[in-house]
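Asker:
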Amino acid sequence: MTKVAGTYGVWRGYKGFTPQAAREIEELGFGALWLGGSPPADLAAAESLLESTESLVVGTSIVNIWTARADAVAESFHRIDQRFPGRFLLGIGAGHREANGADAIKPYDALVSYLDDLDAAGVPKNSRALAALGPRVLELARDRTAGALPYLAPPQHTGLAHEIVGADALLVAEQKVVLDGDPDRARAVARQMVPMYLGLVNYVSNLRRLGFTDEDLTAPGSDRLIDALALHGEPDEVAAGLAAHLDAGAGHVAIQVLNEDYLAGLRILAAALPLTR
Numbered sequence: 355m356t357k358v359a360g361t362y363g364v365w366r367g368y369k370g371f372t373p374q375a376a377r378e379i380e381e382l383g384f385g386a387l388w389l390g391g392s393p394p395a396d397l398a399a400a401e402s403l404l405e406s407t408e409s410l411v412v413g414t415s416i417v418n419i420w421t422a423r424a425d426a427v428a429e430s431f432h433r434i435d436q437r438f439p440g441r442f443l444l445g446i447g448a449g450h451r452e453a454n455g456a457d458a459i460k461p462y463d464a465l466v467s468y469l470d471d472l473d474a475a476g477v478p479k480n481s482r483a484l485a486a487l488g489p490r491v492l493e494l495a496r497d498r499t500a501g502a503l504p505y506l507a508p509p510q511h512t513g514l515a516h517e518i519v520g521a522d523a524l525l526v527a528e529q530k531v532v533l534d535g536d537p538d539r540a541r542a543v544a545r546q547m548v549p550m551y552l553g554l555v556n557y558v559s560n561l562r563r564l565g566f567t568d569e570d571l572t573a574p575g576s577d578r579l580i581d582a583l584a585l586h587g588e589p590d591e592v593a594a595g596l597a598a599h600l601d602a603g604a605g606h607v608a609i610q611v612l613n614e615d616y617l618a619g620l621r622i623l624a625a626a627l628p629l630t631r
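For the numbering used here, count along the sequence shown from 1 and bump the result up by 354.
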């Protein structure tokens, strides 16, 4: 069983972490590293980071079920779990129809089939989690995995997700931040990333459910949308925004720092957050 340590971790594309950075993040007091960008089935990036640290949990956020075969992922999971028991969480998800083509027409059914394959290969329910935004997939995450890994969603969504998955499930809320007290400058940084998601149906549909309008969701995104999806301000303001996910029911927040020097941002945040590992 994998248990995520602490209330705050760090999210970044799996190619963006280095062993040196992982060690520093651990020393700062963050509890987990979350690897985005669809790590391949060999999970070598996760294994390398586990080798470089002593107690951090490393999770994939997420392995794409369309590009990584379940049998190969299961084999990698067992190799890693044997070496680092309880420190690896396998996060999986269905990616995006726009990127994955016709094979992704029925992502829910594909997720169920993939979880069936992981069951057959002996990957424990409590060592895996599911990328989930809508109610149906959140229910699947609750029933078939340790919990949910929502992405690009404000605390309002965290509260709704918590109602579905329940208090006993893992709920990890990803949150983008820009450490800058100048709103215009911070929004400009956020708009280098956020608009890329506004052409993806699953994210846009979820944001519409939360009350965002066509005006908000038209690239490059309204200030209201940007402010919700990329917290910005002085360190204490950002820390309060991150804590809002915990207040809404998340057990852990995966912080994605958008500043060019993300490690410098994490050092600043570490002094402002009650890091408890």
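We put the CB at the ideal spot given by N, CA and C, even for glycine. Just so we're clear, the structure is a prediction, and the values are computed from it rather than from any experiment.
Compute the distance between the beta-carbons of G535 and G587, then report whether it is under 8 Å.
Answerer: Here the question's residue 535 lines up with position 181 in the sequence shown. Here the question's residue 587 lines up with position 233 in the sequence shown. Contact: yes.
Asker: Taking C-beta to C-beta, are V417 and L387 nearer than 8 Å?
Answerer: In the sequence shown, counting from the first residue as 1, residue 417 sits at position 63. In the sequence shown, counting from the first residue as 1, residue 387 sits at position 33. The answer is no: Cβ separation not under 8 Å.
Asker: Under the DSSP definition of a beta bridge, which residues are partnered with Y362?
Answerer: Position 8 of the sequence shown, counting from 1, holds the residue named residue 362. Looking at the DSSP assignment, Y362 forms a beta bridge with V607.
Asker: For the beta strand (DSSP E) that R482 lies in, which residues bound it at each end?
Answerer: As a position in the sequence shown, residue 482 is number 128, starting the count at 1. Segment R482 to L484, the beta strand (DSSP E) holding R482.
Asker: Can you find the residues in the same chain that come closer than 7 Å, C-beta to C-beta, to R545, ignoring five residues on each side of it along the sequence?
Answerer: Here residue 545 refers to the residue found at position 191 when the sequence shown is read from its first residue. P574, G575 and I580.
Asker: Starting from the N-terminal side, write out each stretch of the beta strand (DSSP E) that is 3 residues or longer and does not extend beyond the region 430-454.
Answerer: For the region 430-454, whole beta strand (DSSP E) runs of length 3 or above, ordered along the chain, are 442-447.
Asker: Report the three-state DSSP secondary structure of E588 (helix, strand or coil).
Answerer: One-based indexing of the sequence shown puts residue 588 at position 234. E588: coil per DSSP, three-state reduction.
Asker: Can you tell me the Cα-Cα spacing of T414 and L444, whole angstroms?
Answerer: Here residue 414 refers to the residue found at position 60 when the sequence shown is read from its first residue. Here residue 444 refers to the residue found at position 90 when the sequence shown is read from its first residue. The straight-line gap from Cα to Cα measures roughly 6 Å.
Asker: Taking the straight line between their C-alpha atoms, what separation do you get for G595 and R482?
Answerer: Position 241 of the sequence shown, counted from the first residue, corresponds to residue 595. Position 128 of the sequence shown, counted from the first residue, corresponds to residue 482. Distance between the alpha carbons of G595 and R482: 27 Å.
Asker: Hey, how far is the Cα of L382 from the Cα of F438?
Answerer: Here residue 382 refers to the residue found at position 28 when the sequence shown is read from its first residue. Here residue 438 refers to the residue found at position 84 when the sequence shown is read from its first residue. Distance between the alpha carbons of L382 and F438 is about 21 Å.
Asker: Assuming Q529 is part of the beta strand (DSSP E), what are its boundary residues?
Answerer: Within the sequence shown, numbered from 1, the residue matching residue 529 stands at position 175. L524 to L533 is the extent of the beta strand (DSSP E) around Q529.
Asker: Quick check: the region 491-509 against the region 517-528, are at least 3 beta-carbon pairs closer than 8 Å?
Answerer: The answer is yes - the region 491-509 touches the region 517-528, with three or more Cβ pairs under 8 Å.
Asker: Since L465 and L484 should fall inside the 8 Å C-beta cutoff, what is the C-beta to C-beta distance between them, to a whole number of angstroms?
Answerer: As a working mapping, residue 465 is identified with position 111 in the sequence shown. As a working mapping, residue 484 is identified with position 130 in the sequence shown. That belief holds up - the Cβ atoms of L465 and L484 are roughly 7 Å apart, short of 8 Å.
Asker: When we look at the beta-carbon of T572 and count the other beta-carbons within 10 Å, is it buried (16 or more) or exposed?
Answerer: To locate residue 572, count along the sequence shown from 1; it is residue 218. So T572 counts as exposed.
Asker: Any idea what DSSP makes of V477, helix, strand or coil?
Answerer: Residue numbering aside, residue 477 sits at position 123 when the sequence shown is read from its first letter. It is coil, neither helix nor strand.
Asker: Comparing C-alpha positions only, which one of I419, L623 and Y551 sits nearest to P589?
Answerer: As a working mapping, residue 589 is identified with position 235 in the sequence shown. P589 has its Cα closest to that of L623, out of I419, L623 and Y551.
Asker: Taking DSSP's pairing of strands, which residues face W388 in a bridge?
Answerer: Indexing the sequence shown from 1 puts residue 388 at position 34. W365 and G413, per the DSSP bridge assignment.
Asker: Just mark A582 as buried or exposed, buried being the case when its beta carbon has 16 or more other beta carbons within 10 Å.
Answerer: Locating residue 582 in the sequence shown gives position 228, where the first residue counts as 1. Flag for A582 reads buried.
Asker: Excluding five sequence neighbours on each side, which residues of the same chain lie with their C-beta closer than 6 Å to the C-beta of Y469?
Answerer: The residue labelled residue 469 in the question sits at position 115 within the sequence shown. First, the residue type needs correcting, since residue 469 is Leu and not Tyr in the sequence shown. R498, listed in sequence order.
Asker: With a threshold of 16 other CB atoms inside 10 Å of the CB of G449, please say whether the residue is buried or exposed.
Answerer: Translated into positions along the sequence shown, residue 449 becomes position 95. Per the 10 Å Cβ criterion, buried.
Asker: Less than 7 Å between C-beta atoms, sequence neighbours within five positions excluded: which residues of the same chain meet that for L492?
Answerer: In the sequence shown, the residue the question calls residue 492 occupies position 138. Once the five neighbours on either side are set aside, the close Cβ partners of L492 are A486, A502, A515, I518 and V519.
Asker: If you count every other CB in all the chains shown that lies within 10 Å of the CB of H432, and 16 or more means buried, which is it?
Answerer: Numbered from its first residue, the sequence shown carries residue 432 at position 78. It is exposed - the Cβ of H432 has fewer than 16 other Cβ atoms within 10 Å.
Asker: Ordered along the chain, which non-local residues of its own chain (more than five positions away) have a Cβ less than 6 Å from that of F384?
Answerer: If you number the sequence shown from 1, residue 384 lands on position 30. Excluding residues within five positions, the ones whose Cβ falls inside 6 Å are Y362, G363 and V364.
Asker: Starting from D577 and walking both ways along the alpha helix (DSSP H), at which residues does that stretch end?
Answerer: What you label residue 577 is simply residue 223 of the sequence shown in a count that begins at 1. From DSSP, the alpha helix (DSSP H) with D577 extends over D577 to L583.
Asker: Please classify T567: is it buried, with 16 or more other beta-carbons within 10 angstroms of its beta-carbon, or exposed?
Answerer: The residue labelled residue 567 in the question sits at position 213 within the sequence shown. Answer is exposed; the Cβ neighbour count stays below 16.
Asker: Let's test the definition: count the other Cβ atoms within 10 Å of the Cβ of E614 and tell me whether it reaches 16, buried, or not, exposed.
Answerer: For the purposes of this step, residue 614 is taken as residue 260 along the sequence shown, with counting starting at 1. Per the 10 Å Cβ criterion, exposed.
Asker: Within a Cβ cutoff of 6 Å, which residues of the same chain sit near V358, ignoring the five residues on either side of it in sequence?
Answerer: On the sequence shown, position 4 is the one that residue 358 refers to. Excluding residues within five positions, the ones whose Cβ falls inside 6 Å are A386, V411 and H606.
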